[in-house]
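If you're matching them up, the sequences are chains E and G in order.
The numbers in this note's numbering rise by one with no breaks, and the one at position 107 of the first sequence is 163.
The numbers in this note's numbering rise by one with no breaks, and the one at position 177 of the second sequence is 233.
Backbone N, C-alpha and C fix where the C-beta goes; we use that ideal spot for every residue, glycine too.
Small disclaimer: the values here were computed from a predicted structure and weren't measured.
What follows is a short report on a single structure.
There are 2 protein chains.
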Amino acid sequence: MKIVIIGAVAGGASAAARARRLDEDAEIILIERGPEPSFANCGLPYYVGGEIQARDKLLVAPTSLLRQRHRLDVRTRHEVVAIDRDNASVTIKDLQTGEVSTETYDKLIISTGASPFRPPLRGIDHPDVLELRDLDDADQMHARVATDGSSSAVIVGAGFIGIEVAENLARRGIEVTVVELAEQILPPWDAEMVRPLEQHLRDQGVRLKLQNSAESFRDSKTEEGRLVVTLQTGEEIHSSFAVVCIGVRPESGLAAEAGIDCGPRGGIVTNEHMQTSDPNIYAVGDVAQVKDFVTGDPTQIPLAGPANRQGRIAADHIFGRDSTYRGTQGTAVVGVFGKTAAMTGLSEKMLQRSGRSYQKIYIHPNDHAGYYPGATQMTLKLLFDPENGRIWGAQAVGTHGVDKRIDVIAMAIQAGLTVDDLEEVELCYAPQYGSAKDPINMAGFVAAGALRGDHAVVHWSDLEQSTADMSILLDVRTEQEFARGHLPDAINIPLEVLRSQISELPRDRKLVCYCQVGQRGYMATRILQQRGFDAVNLSGGYRLVSQSG
Amino acid sequence: MKIVIIGAVAGGASAAARARRLDEDAEIILIERGPEPSFANCGLPYYVGGEIQARDKLLVAPTSLLRQRHRLDVRTRHEVVAIDRDNASVTIKDLQTGEVSTETYDKLIISTGASPFRPPLRGIDHPDVLELRDLDDADQMHARVATDGSSSAVIVGAGFIGIEVAENLARRGIEVTVVELAEQILPPWDAEMVRPLEQHLRDQGVRLKLQNSAESFRDSKTEEGRLVVTLQTGEEIHSSFAVVCIGVRPESGLAAEAGIDCGPRGGIVTNEHMQTSDPNIYAVGDVAQVKDFVTGDPTQIPLAGPANRQGRIAADHIFGRDSTYRGTQGTAVVGVFGKTAAMTGLSEKMLQRSGRSYQKIYIHPNDHAGYYPGATQMTLKLLFDPENGRIWGAQAVGTHGVDKRIDVIAMAIQAGLTVDDLEEVELCYAPQYGSAKDPINMAGFVAAGALRGDHAVVHWSDLEQSTADMSILLDVRTEQEFARGHLPDAINIPLEVLRSQISELPRDRKLVCYCQVGQRGYMATRILQQRGFDAVNLSGGYRLVSQSG
């Protein structure tokens with residue numbers, strides 16, 4: 057068996073290692089355009105920022121190891137320039153000598169990844185307009201911030217990489233401006249969930265220019281060595297360099313030219329074994345179009361974990377095993393100056409786009425028992441199917457314990473579980489780790505309560521649209537909390553005295569109860585409903601409204 | 057509806073609050089023997105240790121809140137002394153006045169918890185022999201360590217509470233000796249998994265006396281105010297006080313006297329709705345015998361999370377809802393001087409005791425990507441059914457990220473998943489949070505590999521028993537690693553040169569490969585097997601053997 061693998065990062069490297077474990081005799085050729093195989097591309101921003109100090113650390117499986125340990129024929133600084141499917145061969149160019157050669161294959165694995173999208177803007181090829189994809193890019197940016205005295209940067213695009221680059225440059229003392237076309241950072245997320253992160257970025261001195269875009273790049277005429285980035289609004293930002301992080305496009309050109317099927321967004325179409333339309337050719341990682349685990353629809357989600365598993369599955373299938381890829385679920389996490397945002401499954405935006413029906417709840421639990429020092433509040437949003445309670449997705453943002461809760465929900469989604477299962481799951485509890493009612497249980501209680509009709513909830517976004525319905529906003533927090541800030545036109549009856557003042561409330565108006573996070577509002581709603589009032593609770597409480605801005 | 061609830065901590069308090077949310081008109085009487093309802097009993101050791109500074113913090117739902125917010129009839133310092141099932145009434149004693157009264161009930165919920173077992177040892181009633189169950193106990197111990205100048209303590213019993221008390225007293229500068237009858241701390245755990253914790257406790261100055269027990273307690277004749285604890289071995293330990301943490305017994309006497317069925321270990325027998333043998337009487341929390349979620353067998357596992365959920369379910373059922381308790385899974389966590397140990401489901405010990413067949417694997421993954429600063433190694437043990445891969449349980453010990461992985465596995469067990477599901481689950485990955493192949497995925501890979509026969513593993517404990525089989529121990533680590541320490545009689549052929557030296561290995565002997573954590577050993581096993589050798593990998597590698605002591 058002779059296997060040629062194009063691209064030696066994540067999926068390609070995993071496929072190669074797995075293939076070797078399955079067959080000592082296979083000939084395995086790993087072709088990599090860059091200087092090193094299998095580098096830690098998710099670590100690049102942290103190398104630029106100085107968090108990872110030694111560049112060597114990024115070389116997770118150096119060529120020597122791949123050669124000795126896995127007996128792989130590793131060819132770095134080589135590029136496959138053509139695939140000849142009829143003759144089952146590839147044309148390889150040595151990027152250092154320019155020499156061109158041919159290799160036949162029994163099986164070919166394409167793991168070329170995705171490249172940063174560079175829109176055709178004026179000046180986009182300016183040498184100070186960078187991107188961050190590989191070690192060469194990282195070396196260049198590292199040199200600029202560590203030794204070349206750069207003082208400011210414009211990040212174009214506020215996706216995961218843009219935000220990580222922004223944090224890391226700011227950590228280096230660089231003055232950072234982030235420009236994003238959407239009205240929020242992290243566009244795949246629901247806007248209200250990233251508002252606290254936006255505020256946190258601003259608090260750390262990062263300037264955000266939302267609903268804006270870079271239009272052109274040019275040298276400054278007055279300041280030598282300064283780049284001028286002109287925004288859509290006409291504003292000009294003078295900076296040492298810019299980084300384009302608008303998104304990535306699958307590097308599927310080679311496959312397309314060879315007549316392999318690609319999807320509408322450019323990803324190579326694969327089946328559950330990662331085979332392309334040519335059964336001798338596999339595609340894995342960011343270049344592949346895969347199935348969305350939750351919806352079953354075709355998708356392209358560039359993530360390292362799925363890339364590694366896909367590589368493994370392709371190698372398995374080459375050696376006759378029935379391994380199948382279940383689909384990508386979209387579990388992701390990002391850290392920003394000590395805060396964490398994580399998500400799994402579908403966002404509300406994605407649900408709306410796909411036309412699926414959904415219900416949602418918000419909670420603001422502590423990461424661990426409030427009575428133990430150091431507890432911090434997170435905001436957790438859970439989306440689920442109103443028909444059967446099946447979990448569609450979740451997002452959380454906070455300081456501690458955020459990735460843990462999203463991982464637990466990711467496992468629940470993998471198992472096709474419902475909100476009832478979140479109610480019942482038994483998780484680790486000691487006061488420094490969680491709560492007797494863990495945030496996961498709380499999310500289950502609230503969601504299942506909403507589904508069962510025990511807990512009538514209303515969302516702020518819906519309220520805003522229906523202010524004409526003459527409903528009364530009833531703030532059930534304490535007088536002190538009310539005085540510090542409340543919703544417009546709300547009246548204040550603290551939960552503790554609600555029963556005694558219940559006769560003062562009108563029976564012909566809808567009562568929208570709210571408190572700080574939702575719990576007292578829920579109790580108030582229960583009391584009022586049982587007394588015959590038309591009462592609902594504002595999900596996520598005052599905190600969600602105020603932090604959503 | 058008139059509900060009387062005996063015991064206002066955890067299960068009782070949860071039942072009361074839930075009952076109120078379900079029915080504004082119900083009469084709900086909450087009877088608590090102690091000074092306060094609903095205190096944070098899991099926080100008591102940390103209050104003693106000074107980590108929780110304000111005692112108020114422990115009062116998670118003070119009487120005033122329960123009265124005002126939930127309109128509960130809370131009676132602290134009251135004790136139910138008899139249940140009259142024929143007349144559906146309880147006899148209540150006011151512990152301050154001694155007055156006795158009667159209350160009828162429509163439904164009765166018993167949430168009396170479990171009390172520390174005090175064995176009938178000589179001197180057990182000595183005033184310096186303490187226990188830590190409630191606020192009064194905590195106040196007493198707090199006074200001794202914070203103001204009364206105690207300098208040393210003997211902890212009898214190294215279960216969860218014993219270990220937490222040991223840590224917290226040591227944190228106060230108290231010289232601590234822990235005496236435990238078993239040959240390990242945390243007896244429900246598998247011994248090899250707690251060895252690193254034992255070492256860590258010793259490193260922090262805590263003295264462990266394992267396979268030993270306290271035989272008697274008496275005043276010192278020579279040192280005033282010193283307690284002498286005599287151990288089974290005859291050793292005498294002079295200390296300021298002792299704390300008995302041998303375990304707990306359900307406080308089911310009241311129920312038993314009233315003719316309610318109790319199990320062999322004293323727990324009140326309950327059905328899935330938490331009903332006792334008397335359908336008008338429920339039992340929740342540590343006093344109840346429940347179903348083991350994994351085995352379906354009756355069990356008693358005192359945990360706060362299950363107690364809270366059981367309280368909720370009892371209240372639901374009283375008001376006609378079909379809520380059911382799924383059983384207790386035994387998810388637990390303990391922190392010891394910055395290290396964490398967590399478990400869920402069954403241990404190997406429990407599996408052996410129950411006669412179930414199982415397979416096990418060990419891994420030592422980093423909590424996050426090794427290339428990002430601050431990664432720490434954990435040890436994770438996964439137990440599963442060799443028939444179908446269904447997960448029986450898991451234990452992990454380490455510094456960071458331990459509770460997260462056990463929570464994810466707890467969710468997987470809740471869903472009845474298999475090791476294949478752990479391979480495929482998509483979890484949060486950014487280098488500061490996890491790895492592209494998360495410890496959960498790694499556990500899945502190794503376990504599924506073992507099940508499929510790809511990865512032939514052997515366990516150290518089995519090897520020890522079968523040294524007569526003439527197998528060769530093959531250390532595939534580097535020469536430097538080998539020189540620093542290796543298994544007796546092992547030969548060293550580093551993985552990198554294994555292929556070139558393969559001809560030197562005998563074909564008629566079994567080869568037991570090992571490395572530091574198991575990964576290189578696995579690769580060596582794959583190479584050797586494919587070349588026709590009878591090779592297996594030592595699960596958990598040298599690290600497990602050396603840390604298991």
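- For Asn593/E, the enclosing beta strand (DSSP E) has its first and last residue at Ala591 to Leu594.
- In this structure, the CA atom of Tyr578/E is about 13 Å from the CA atom of Asp590/E.
- If you check each beta-carbon in the region 457-472 of chain E against every beta-carbon of chain G, the ones closer than 7 Å belong to Asp459, Lys460, Ile462, Asp463, Val464, Ala466, Met467, Ala468, Gln470 and Ala471.
- If you draw a straight line from the Cα of Thr400/G to the Cα of Thr384/E, it is about 27 Å long.
- The distance from the Cβ of Gln288/G to that of Glu313/G is about 35 Å, inconsistent with a contact at the 8 Å cut-off.
- Pairing Val136/G with Lys149/G, the inter-Cα distance amounts to about 6 Å.
- In this structure, DSSP gives Val325/G an extended state, which the three-state scheme calls strand.
- Within 10 angstroms of the beta-carbon of Gly445/E lie 16 or more other beta-carbons, which makes it buried.
- Thr233/E counts as buried, since no fewer than 16 other beta carbons sit within 10 angstroms of its beta carbon.
- For Glu187/G, the three-state secondary structure derived from DSSP is coil.
- Between the region 180-193 of chain E and the region 298-311 of chain E there are three or more C-beta pairs closer than 8 Å, enough to call the two in contact.
- In the DSSP assignment, Asp463/E falls within the unbroken alpha helix (DSSP H) covering Val458 to Gln470.
- Comparing alpha-carbon positions, the option among Asp195/G, Phe173/G and Arg200/G lying closest to Val212/G turns out to be Phe173/G.
- Just so you know, the alpha carbons of Phe538/E and Asp531/E end up roughly 7 Å apart.
- Rounded to the nearest angstrom, the gap between the Cα atoms of Trp448/G and Leu78/E is 28 Å.
- At a beta-carbon threshold of 7 Å, the residues of chain G lying near Met579/E are Arg77 and Arg125, ordered along the chain.
- Taking Tyr598/G as reference, the option from Pro93/G, Gln572/G, Ala339/G and Arg587/G with the minimal CA-CA separation is Gln572/G.
- By the CB criterion at 7 Å, Ala499/G and Ile419/G fall inside the cutoff.
- Nearest C-alpha to Asp184/E among Leu86/E, Leu242/E and Val284/E: Val284/E.
- At a C-beta separation below 9 Å, Leu551/G has these neighbours in chain E: Gln124 and Arg125.
- According to the DSSP assignment, Pro93/E belongs to no alpha helix (DSSP H), since it is labelled neither H nor E.
- Secondary structure at Gln488/E: coil, using DSSP grouped into helix, strand and coil.
- Using a CB distance cut-off of 7 Å, Arg258/G does not count as an interface residue toward chain E.
- Close to Ala486/G, with beta-carbon spacing below 7 Å, are these residues of chain E in chain order: Cys98, Val389, Val390 and Gly391.
- The beta carbon of Asn336/E does not come within 7 Å of any beta carbon belonging to chain G, so the residue lies off that interface.
- Here the alpha carbon of Gln260/E sits roughly 16 Å from the alpha carbon of Ser207/E.
- Contact between Val304/G and Ala170/G holds: CB atoms are separated by about 4 Å, below the 8 Å threshold.
- Taking CB atoms only, Leu554/G has no neighbour in chain E less than 7 Å away.
- Bounds of the alpha helix (DSSP H) holding Met579/G are Gln575 to Gln586.
- If you ignore the 5 residues before and after Ala138/E, its C-beta comes within less than 8 Å of the C-beta of Val146, Thr147, Leu310, Glu313 and Ala314, all in its own chain and listed in chain order.
- For Met434/E against Asp423/E, the beta-carbon gap comes to about 6 Å, under 8 Å, which counts as contact.
- Using a Cβ-Cβ cut-off of 9 Å, Asp423/G is close to nothing in chain E; its nearest Cβ partner there is about 11 Å away.
- Between the region 195-205 of chain G and the region 362-377 of chain G, the count of Cβ pairs shorter than 8 Å is below three; the stretches do not touch.
- Listed by position along chain G, the residues whose Cβ is nearer than 8 Å to that of Ala492/E are Ala66, Cys98, Ala360, Gly361, Ala363 and Asn364.
- Around the C-beta of Pro550/E, 16 or more other C-beta atoms lie within 10 Å, and the residue is accordingly described as buried.
- Not one beta carbon of chain G lies nearer than 7 Å to the beta carbon of Ala214/E.
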